[in-house]
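Numbering (this note's numbering), first residue to last: 8 to 176. Positions of the beta carbon are idealized from the N, C-alpha and C atoms, including for glycine.
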Amino acid sequence: MATYYDTLSTPIGELLLIANEAGELTHLYTGQGSKWLSRHPGAERDPKRLAPAKTQLSEYFEGKRRTFDLPLGAAGSEFQHRVWEALMEIPFGETRSYGQLAAQLGVPNASRAVGRANATNPIGIIVPCHRVIGSNGTLTGYAGGLPTKEWLLRHEGVPVGKEQPAFEL
Numbered sequence: 008m009a010t011y012y013d014t015l016s017t018p019i020g021e022l023l024l025i026a027n028e029a030g031e032l033t034h035l036y037t038g039q040g041s042k043w044l045s046r047h048p049g050a051e052r053d054p055k056r057l058a059p060a061k062t063q064l065s066e067y068f069e070g071k072r073r074t075f076d077l078p079l080g081a082a083g084s085e086f087q088h089r090v091w092e093a094l095m096e097i098p099f100g101e102t103r104s105y106g107q108l109a110a111q112l113g114v115p116n117a118s119r120a121v122g123r124a125n126a127t128n129p130i131g132i133i134v135p136c137h138r139v140i141g142s143n144g145t146l147t148g149y150a151g152g153l154p155t156k157e158w159l160l161r162h163e164g165v166p167v168g169k170e171q172p173a174f175e176l
């Protein structure tokens with residue numbers, strides 16, 4: 008199956024967006040795009056196919072969009088998809104802990120499994136894994152880096168604890 012890509016300049020750096028032949032977004036990379044491109048030399052640049060995703064992401068960064076309405080095609084297990092769907096239910100400007108997500112999914116003792124599924128989310132921002140924080144309110148891992156996670160949360164109006172360093176891109 009063919010793979011298509013395009014890039015988008017944003018306040019957090021250049022994003023690499025990947026779509027499948029059906030036009031479903033399968034990956035979104037923050038700052039790691041060149042590695043993906045080097046491993047997929049047959050991928051075709053297709054701005055038209057990725058225009059809806061680029062438009063919606065631009066609107067998000069401009070403060071004009073709080074939710075996304077895009078076809079998604081990320082590969083993952085049934086459990087990962089359940090976690091990713093739960094992530095999309097976290098409203099703009101709010102956070103949840105891994106434990107809260109596990110309880111929401113009916114597996115209250117599976118916060119580590121929820122954390123792993125969160126960490127493997129290939130479509131960050133659109134599937135908002137940045138909205139998941141530690142149970143004590145601290146920022147925890149993020150594939151795009153903690154400064155990017157902090158920026159995204161501040162962009163959404165989430166107060167970030169004083170224990171976190173101030174960050175500007």
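- Ala81 places its beta carbon less than 8 Å from that of Pro129.
- DSSP, reduced to helix, strand and coil, places Val139 within a strand of the structure shown.
- Gly20 has its alpha-carbon roughly 26 Å from the corresponding atom of Glu28.
- For His162, the uninterrupted alpha helix (DSSP H) segment begins and ends at Leu153 to His162.
- For Leu159, the CB contacts under 6 Å within the same chain, skipping 5 residues up- and downstream, are His137 in chain order.
- For Tyr36, the three-state secondary structure derived from DSSP is strand.
- Thr155 counts as buried, since no fewer than 16 other beta carbons sit within 10 angstroms of its beta carbon.
- Residue pairing for Thr14: DSSP places it in a beta bridge opposite Leu23.
- For Phe99, no alpha helix (DSSP H) encloses it, and the DSSP letter there is neither H nor E.
- Of the residues Asp53, Arg161, Val121 and Gly30, the one whose Cα lies closest to the Cα of Thr14 is Asp53.
- At the C-beta level, Glu163 and Gly100 come within 8 Å of one another.
- Gly131 and Leu35 do touch by the CB rule: their CB atoms are close to 6 Å apart, below 8 Å.
- Relative to the Cα of Thr147, the nearest Cα in the group Thr102, Gly40 and Thr10 belongs to Thr102.
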